[in-house]
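The block underneath contains the structure these notes are about, expressed in structure tokens.
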Amino acid sequence: EVQLVESGGGLVQPGGSLRLSCAASDFTFSDYWMHWVRQAPGKGLVWVSRISDAATSTWYADSVKGRFTVSRDNAKNTLYLQMNSLRDEDTAVYYCARPLAGTRNAFDIWGQGTMVTVSS
Amino acid sequence: QSVLTQPPSASGTPGQRVTISCSGSSSNIGSNTVNWYQQLPGAAPKLLIYTNNQWPSGVPARFSGSRSGTSASLAISGLQSEDEADYYCASWDDSLNGLVFGTGTKVTVL
């Protein structure tokens with residue numbers, strides 16, 4: 008079954024760091040651009056970042072630029088999000104998402120999400 | 015904050031048709047395709063419509079999408095109780111160089 012499984016979420020103090028992972032299975036991970044999307048409790052969806060298939064290009068939302076870094080290991084079929092200088096407003100469920108083949112931004116496969124709580 | 019504006023809520027009785035609007039600008043909907051997602055409570059979003067009006071495998075045809083100028087819309091025909099969910103539009107924004115989601119619309123089946 009095509010699947011994405013996030014891990015690495017948890018409770019962190021403001022100013023702290025966390026690295027999220029997203030393990031992909033049952034599809035050719037290296038063929039796809041990949042994304043991170045987050046959702047604060049009770050709020051809407053917010054796009055966070057995108058990385059190209061060979062990791063040669065990355066894109067970020069202005070709210071995380073300079074603090075978050077997206078990367079991938081195609082040999083391990085894993086996507087990462089390194090989050091530094093975390094703020095209260097970064098508290099959210101973080102989803103990794105794969106676009107439908109032939110598109111770059113229509114996400115047909117989502118992970119179950121991992122919760123990140125930034126609080127002192 | 016979101017640059018795509020949706021009505022916060024919409025409702026209908028079973029069997030009715032409900033339409034959700036998504037208003038953007040020339041840098042997003044006006045020049046890029048629109049996708050629509052359904053999110054049930056406690057679940058990850060599900061792709062409903064891609065490239066303005068295309069159905070992913072398994073999505074019933076009673077969901078339909080359209081785009082005109084800088085706006086898009088999602089229509090749900092033959093409303094069913096299981097359609098009660100949050101709905102989001104999304105489009106790439108060339109000015110922000112990033113993806114933008116709509117503010118979200120909660121659909122209630124009366």
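Protein chains in written order, with the working numbering: chain Z, 8 to 127; chain E, 15 to 124. All C-beta atoms in this analysis are idealised placements derived from N, C-alpha and C, irrespective of residue type, glycine included.
Residue-chain proximity (Z:W43, chain E), Cβ-Cβ < 8 Å: Among the residues facing chain E, Z:W43 is not included, as its CB has no counterpart in that chain under 8 Å away.
Sheet register partners of E:G79 (DSSP bridge): Answer is E:L88, bridged to E:G79.
Inter-residue spacing [alpha-carbon to alpha-carbon] between Z:T121 and E:S78: CA-to-CA, the gap between Z:T121 and E:S78 works out to about 31 Å.
Contact set between the stretch 49 to 64 of chain Z and chain E, restricted to residues whose Cβ is under 8 Å from the partner: For the stretch 49 to 64 of chain Z, which is checked against every Cβ of chain E, the residues closer than 8 Å are G51, L52, V53, W54, R57.
CB-CB length for Z:V125 against Z:L93, believed under 8 Å: Cβ-Cβ separation between Z:V125 and Z:L93: approximately 5 Å, consistent with a contact (criterion under 8 Å).
As assigned by DSSP and simplified to three states, the class of Z:F34: Looking at Z:F34 - three-state DSSP - the assignment turns out to be coil, as it is neither helix nor strand.
Cα-Cα separation between E:N46 and E:I63, rounded to whole angstroms: The alpha-carbon of E:N46 is positioned some 14 Å away from that of E:I63.
Sequence-distant residues of its chain with Cβ nearer than 6 Å to Z:Q89 (five each side left out): Within the same chain, R26, T76 come within 6 Å of Z:Q89 by CB-CB distance, once the 5 residues on both sides are set aside.
CA nearest to the CA of Z:A30, picked from Z:S64, Z:N112, Z:S14, Z:A62: Nearest of Z:S64, Z:N112, Z:S14, Z:A62 to Z:A30, Cα basis: Z:S14.
C-beta contact flag for E:G38 and E:S80 at 8 Å: No; because the gap between Cβ atoms is not below 8 Å, this pair is not in contact.
Stretch-stretch touch, CB-based, cutoff 8 Å, three pairs: the stretch 17 to 30 of chain E with the stretch 112 to 124 of chain E: Because the criterion of three Cβ pairs below 8 Å is met, the stretch 17 to 30 of chain E and the stretch 112 to 124 of chain E touch.
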